[in-house]
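One structure is given below, encoded as structure tokens.
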Amino acid sequence: EAGVTQSPTHLIKTRGQQATLRCSPISGHTSVYWYQQALGLGLQFLLWYDEGEERNRGNFPPRFSGRQFPNYSSELNVNALELEDSALYLCASRMESPSTDTQYFGPGTRLTVL
Amino acid sequence: DQQVKQNSPSLSVQEGRISILNCDYTNSMFDYFLWYKKYPAEGPTFLISISSIKDKNEDGRFTVFLNKSAKHLSLHIVPSQPGDSAVYFCAASESNYQLIWGAGTKLIIKP
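Quick note, the sequences are listed as chains A and B, same order. If you count the first sequence from 1, position 111 lands on 91 in this note's numbering, and the numbers rise without skipping. If you count the second sequence from 1, position 60 lands on 65 in this note's numbering, and the numbers rise without skipping.
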């Protein structure tokens, strides 16, 4: 069974540009979560999508946005990039089930803002 | 306000010995707890979980202990191996499918 996939692996942008990151969940998983891990810091929750809808968002400015498509894949968009947006962006998926909260992570996208 | 705390940023353990990673939480409504392992530049990997109806769960070399009265959980790794060197995150949820994460503990296994 294929795991969570993310693209691109690396992304280099300059300040003020926009970045689009993509995530494909494990087959059968309907929830997608986005996290930011800046250098030396823990996982910071960004966004949670389920069944195409945004369920919750973390304490990030509105220039961080995303969406989930009918096939449950997801995009994270970061507008007006700032230097401090440089981080590893992780996507995780979860199966819709009352018996598990386990999230499974992709390898991440390393975003560098110059 | 951090609801899940891992107070040790790093831990160094001799190969073959027991590694004990600790996690404290403040929300008594948390009912599911998980441990993840993360290598640099990779996504976290699920290790082991425990629900609040249990106080212990074991999977091979990994055992998670939950003390609800103390709002404390711990991950024991026995015996510790060089490949266990990584950052370990604990996470908790309140049956709403959103995980609250600790800041992580970097485990270093010395040969």
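The C-beta atom is built at its ideal place from N, Cα and C for all residues, glycine as well.
Between the alpha carbons of residue i and residue j, how many angstroms are there, rounded?
| i | j | result |
| --- | --- | --- |
| B:G107 | B:N27 | 10 Å |
| B:S24 | A:Q(-3) | 44 Å |
| B:D36 | B:S74 | 13 Å |
| B:P49 | A:P87 | 8 Å |
| A:R43 | A:V12 | 19 Å |
| A:F85 | A:S73 | 7 Å |
| B:A46 | A:A18 | 11 Å |
| A:T(-11) | B:D64 | 32 Å |
On a CA-only basis, which of the options is nearest residue i? Give me that one, please.
| i | options | result |
| --- | --- | --- |
| A:W95 | A:Y29, A:G22, A:M75 | Coverage of chain A is limited to positions -19 through 94, which leaves residue 95 of chain A absent and any answer about it impossible. |
| B:F67 | B:V83, B:P14, B:G109 | B:V83 |
| A:P50 | A:T(-15), A:R(-5), A:H9 | A:H9 |
| A:C3 | A:L21, A:Q(-14), A:N59, A:R(-5) | A:Q(-14) |
| B:H77 | B:S57, B:G21, B:D89, B:D64 | B:S57 |
| A:R47 | A:L27, A:L70, A:E64 | A:L27 |
| A:E34 | A:G20, A:S53, A:L21 | A:S53 |
| A:C71 | A:F40, A:F25, A:D65, A:E31 | A:F25 |
| B:H81 | B:Q8, B:G21, B:K10, B:Q7 | B:G21 |
Since residue i meets chain B, which of its residues come closer than 8 Å, beta carbon to beta carbon?
| i | result |
| --- | --- |
| A:R90 | A46 |
| A:L68 | A46 |
| A:N36 | Q103 |
In chain A, which residues lie with their C-beta within 7 Å of the C-beta of residue i?
| i | result |
| --- | --- |
| B:Y37 | D81 |
| B:S54 | T82 |
Assuming the contact rule is C-beta atoms closer than 8 Å, residue i and residue j should be a hit. Round their C-beta distance to whole Å, please.
| i | j | result |
| --- | --- | --- |
| A:V93 | A:E55 | About 18 Å; that fails the 8 Å criterion. |
| B:S17 | B:I113 | 5 Å |
Quick one: list the residues of chain A neighbouring residue i, beta-carbon separation under 9 Å, in chain order.
| i | result |
| --- | --- |
| B:W106 | Y15, G22, L23, Q24, F25 |
| B:K74 | The sequence shown places Ser at residue 74 of chain B, rather than the Lys named in the question. Chain A residues near B:S74: none, gap ~22 Å exceeds 9 Å. |
| B:S17 | None at all; the shortest Cβ gap to chain A is about 18 Å. |
What residues of chain D sit near residue i, judged by a beta carbon separation below 7 Å?
| i | result |
| --- | --- |
| B:G109 | Any reference to chain D falls outside this structure, whose protein chains are A and B. |
Taking residue i as the query, report the chain A residues whose CB atoms sit under 8 Å from its CB, ordered along the chain.
| i | result |
| --- | --- |
| B:F94 | G22, L23 |
### Task
Check each residue of the segment 77 to 88 of chain A: if its Cβ is closer than 7 Å to any Cβ of chain B, include it; give the result in chain order.
Taking 7 Å as the Cβ-Cβ cut-off against chain B, the residues of the segment 77 to 88 of chain A that qualify are D81, T82, Q83, Y84, F85, G86, P87, G88.
### Under 9 Å (Cβ pairs) to chain B, residues found in the segment 8 to 28 of chain A
Those residues of the segment 8 to 28 of chain A placed with their C-beta closer than 9 Å to a C-beta in chain B are S11, Y13, Y15, Q17, L21, G22, L23, Q24, F25, W28, ordered along the chain.
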